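Enquirer:
Residue numbers (this note's numbering): 6 to 135.
1) Have a look at the DSSP bridge pairing and note the partners of residue 33.
2) Is the CB-CB distance between residue 40 and residue 114 below 8 Å?
3) Reducing DSSP to helix, strand and coil, say where residue 54 ends up.
4) Any idea which residues DSSP pairs residue 17 with across the strands?
5) Run through DSSP, which three-state label would residue 76 get?
6) To the nearest angstrom, how far is it from the Cα of residue 73 to the Cα of residue 62?
7) Determine the DSSP secondary structure at residue 82, reduced to helix, strand or coil.
8) Look at residue 121 and residue 54 and say whether their C-beta atoms are less than 8 Å apart.
9) Hey, is residue 132 close to the ligand GDP, as in C-beta under 7 Å from one of its heavy atoms?
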C-alpha cells in the first residue's frame, strides 16, 4: 500500500491528539497462525505497539508518496473499496488497528500512515461483501 498526498496537503506530519482507530488487511498464516501484512510480510501481534524509526516528520514539495510507516484505511467502507482494486488481498481479512495518541501521521481521503500502530484485536472485523 502506498500513501499519496495531495499537492495542497500539509508537509509536516500531524500529531494524534487522541487514539485514532483504522483498519488493515492482514493474512493469517495457516501453519504458524500469525497475522502478516500482505505487502511486506510484517508480522502483527495483538497489543504490541510497533514504531517506524525512519518515519519522516516533514515532506518536501516534490514528495507525493510515503512509503515508510504503518499504512491503514480510515473505515471499513474504504477498506472494502481498496480490496476490490487489489488482487493481493484475496486471502486477507480486515483487522482493527490503533494509532496511539502522540503518534505522527499523514492522512488523505481514505488512508492514514503513521509512525506508530498496534493491532487492537486478532479477530477479523466482519465486512459486508458486495
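Just so it is clear, CB atoms sit at the ideal spot from N, CA and C, and this is done for glycine as well. Since the model is a prediction, treat every value here as computed from it, not as a measurement.
Expert: Straight from the coordinates:
1) 40
2) no
3) coil
4) 63
5) strand
6) 11 Å
7) helix
8) yes
9) Among the ligands in the structure shown, none appear at all, so the ligand GDP cannot be discussed.
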